[in-house]
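Novice: Protein chains in written order, with this note's numbering: chain B, 1 to 248; chain U, 1001 to 1243.
By construction, the Cβ of each residue, glycine as well, lies at the ideal position given by its N, Cα and C atoms.
Okay, here's the structure, questions in a sec.
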């Protein structure tokens, strides 16, 4: 598997991974704002958000119809839809694409649910690797506290209740998250995770993230094209700007 | 049906069961006492007719049956139908969507039925799904891994009918050709008839390729329905008797 840079895409993909409650969504949001304020071409994509697959996923979750295999496949379908229709075209058009969770989420969760690791990885092998993957490493207790303090109603699959780890959703969630954390740690070296200490304050983490992004990417090359410096003739210039309209 | 009248019911012989690949987590293959029979073939090859006849015969001879087919899952069939109508899904997505539909039926219909000792009749199986994707340029190794969740059937019958005949049968039933069965998404030809012929020819070639690795029985679908059914019944009887 290769990264988008290795595949000569003009765009770059940055992914964040971590446990629920690790604060990764806050961090990627702050990263997105920082890049946008620099007038860069940025696109943000969230796990499990494809419009097409959404109704099937929510039906499956609501009625508790999903098994580890169908849970895995329906999320892979969702990912493929976003990958083929949004991520790849945007990366070809030279965007910085930010992903709140990427294939590693599937690698971790599906394997904890009992799917064979080679099968899961085989399914996702159509996807290129992120150019940067931030892993927000928090103590299990810190993440659990963040989630359990704020949202005491745990959803069935979120708590890993389908695994029958415990009849108590909170206990089930603890065990489930603990196992996912083990999977993340095992993948960390293999996939070059940039590990951020997620027990720190928000600002400290964001400083680390911004520092790494600006040192690893040539941010200036992702500027929106409405700049006088563009040497393109009027016709193709017009086309170039059209591509960069934010796609929702 | 003589055997039904004589009340002589064959108790199916237990067969060795396996998944094609990694399989489904948590399944004890030993428990799957039933039989799995798949019927493959293009639209118009006579699959539904044959399956209907087989169900009648099997029930008459004392066997409980269950049917599965593509796009019939509770989980995603509606969504899959919708997405296909708009032709908005890209290849990998459509492929995974079908795999989800298939997996849902394995887990919620096939496995429970096999555990209960039913004879499961599959109106199309993974081979159609794989062939369709292979014709569209998807990687065969990727598909094999994906469909490693499938159980190996006890028998697979492929009803072979040449495209020239398929087109005639389709027109005898409907006045028009189906967009997907004509492979119109592939851009083989803007002429639908032309596209249908080309697509079905390629599909048959692909089936022949799959036959080499999965070893299914090719049945001449040009004969009268009764003659075909007699052949299928003979083979299934042998299978049930463990011969």
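If you drop the 5 nearest sequence neighbours on each side, which residues of the same chain put their C-beta closer than 8 Å to that of residue 1123(U)?
Specialist: 1039, 1047, 1048, 1051, 1067, 1068, 1069, 1070
Novice: Looking at C-beta atoms only, is the number of pairs between the stretch 100-112 of chain B and the stretch 6-17 of chain B that lie closer than 8 Å three or more?
Specialist: yes
Novice: By alpha-carbon positions, which one of 1009(U), 1008(U), 1019(U) ends up nearest to residue 1149(U)?
Specialist: 1019(U)
Novice: Listing by chain order, which chain B residues have their CB less than 7 Å from the CB of residue 1011(U)?
Specialist: For the C-beta of residue 1011(U), not a single chain B residue is nearer than 7 Å; the gap to the nearest is close to 31 Å.
Novice: According to DSSP, simplified to helix, strand and coil, what is residue 43(B)?
Specialist: strand
Novice: Please state if the CB of residue 140(B) and the CB of residue 114(B) are separated by a distance shorter than 8 Å.
Specialist: no
Novice: Can you give me the C-alpha to C-alpha distance between residue 52(B) and residue 1223(U), rounded to a whole angstrom?
Specialist: 43 Å
Novice: Is it buried or exposed, residue 1171(U), if we count other Cβ atoms within 10 angstroms and call 16 or more buried?
Specialist: exposed
Novice: Would you mind sorting residue 253(B) into buried or exposed? The rule is 16 or more other CB atoms within 10 Å of its CB.
Specialist: The question about residue 253(B) has no answer, for chain B in this structure spans 1 to 248.
Novice: Classify residue 110(B) as helix, strand or coil using the three-state DSSP reduction.
Specialist: helix
Novice: Any Cβ of chain B within less than 8 Å of the Cβ of residue 1042(U)?
Specialist: no
Novice: By the three-class DSSP mapping on this structure, what secondary structure does residue 1157(U) have?
Specialist: strand
Novice: Can you find at least 3 beta carbon pairs, one from the stretch 69-89 of chain B and one from the stretch 144-154 of chain B, that sit closer than 8 Å?
Specialist: no
Novice: With 8 Å as the threshold, decide whether the Cβ of residue 14(B) is near any Cβ in chain U.
Specialist: no
Novice: Is residue 108(B) close to chain U, meaning its C-beta is less than 8 Å from at least one C-beta of that chain?
Specialist: no
Novice: Terminal residues of the continuous alpha helix (DSSP H) containing residue 190(B)?
Specialist: No alpha helix (DSSP H) holds residue 190(B); DSSP gives it neither H nor E.
Novice: Which of the residues in the stretch 1100-1120 of chain U, read from start to end, lie with their CB under 7 Å from any CB of chain B?
Specialist: 1100, 1103, 1104, 1107
Novice: Kindly indicate which three-state DSSP category residue 1128(U) falls into: helix, strand or coil?
Specialist: helix
Novice: Comparing the C-beta of residue 1236(U) with each C-beta of chain B, is any distance below 8 Å?
Specialist: no
Novice: Whole angstroms are fine: how far does the CA of residue 117(B) sit from the CA of residue 1023(U)?
Specialist: 12 Å
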